[in-house]
Amino acid sequence: MSIVATAADLMQDFKTGYLTLSSAKSMFVSQLIGTAMGCIIAPLTFWMFWTAFDIGSPDGPYKAPYAVIFREMAILGVEGFSELPKYCMEMCGGFFAAALAINLLRDVIPKKYSQYIPIPMAMAVPFYIGAYFAVDMFIGTVILFVWEQVNRKDSEDYAGAVASGLICGDGIWTIPSAILSILRINPPICMYFGPSASS
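Note that the sequence shown covers residues 1 to 199 in full-length UniProt numbering.
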């Protein structure tokens with residue numbers, strides 16, 4: 001699965017390079033350099049996160065959903081469906097059928113109505129990754145909606161680049177956040193929520 005995901009990412013990069021008229025040779029060399037850097041940076045970043053945060057905790061900021069999924073897949077592969085909770089297979093079948101029906105419904109009804117039917121895959125993202133991602137997506141959607149009302153042409157031209165920048169910025173901030181957490185530096189703000197009688 002990891003190899004397929006890496007190959008898909010590589011092909012996506014080459015597709016982007018083709019669209020931007022970039023040199024395939026330069027892209028390949030940059031991929032090699034990036035991979036070599038990743039061999040050094042990724043373990044260091046993991047060590048920083050492991051030291052600073054409670055990785056994998058359901059209540060922590062970094063829930064590590066892939067780790068939970070791969071663990072459950074390993075248990076399922078070794079011990080079979082009997083290890084699943086009661087009615088789990090029935091629920092899986094029901095949700096699979098519901099997702100299929102919703103997608104089919106979106107495809108067969110007119111576009112003016114189908115735009116109001118949610119996409120099951122998009123609905124699954126917050127359950128899989130966490131609610132924070134859905135909040136980020138909602139804020140981005142509101143910004144894009146307002147931008148389209150103010151200047152539709154600019155929003156069509158630059159929305160992808162701005163969204164990519166916001167996503168990268170959100171991801172890149174986790175490294176300084178981990179460093180600050182390792183150094184036990186707390187932000188200079190204080191929030192307190194208490195009952196109204198005590199305030």
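Every residue, glycine too, gets a C-beta built ideally from N, C-alpha and C.
Would you tell me roughly how many angstroms separate the C-alpha atoms of residue i and residue j, rounded to the nearest one?
i	j	result
I185	L166	25 Å
I55	I172	17 Å
Y87	A97	15 Å
A36	C168	21 Å
I3	C39	16 Å
T20	L32	20 Å
C92	T6	28 Å
A74	V29	36 Å
V162	V142	13 Å
F14	V108	34 Å
A124	F133	11 Å
G160	Y113	26 Å
L76	L84	8 Å
P110	Q12	31 Å
R71	S164	31 Å
Taking the Cβ atom as the reference point for each residue, do residue i and residue j lie within a distance shorter than 8 Å?
i	j	result
A178	A52	yes
D136	D170	yes
G34	M27	no
Y66	F49	no
L100	I117	no
N103	P126	no
Which of the three DSSP states, helix, strand or coil, is assigned to residue i?
i	result
I117	coil
P85	coil
D54	coil
K111	helix
S181	helix
E169	One point to set straight first is that residue 169 is Gly, not Glu, in the sequence displayed. It is helical.
S26	helix
A64	coil
residue 207	Because the chain here runs from 1 to 199, residue 207 falls outside it and cannot be looked at.
T6	helix
G80	coil
F45	Before going on, a small fix: residue 45 reads as Thr here, not Phe. Helix, per DSSP.
T20	coil
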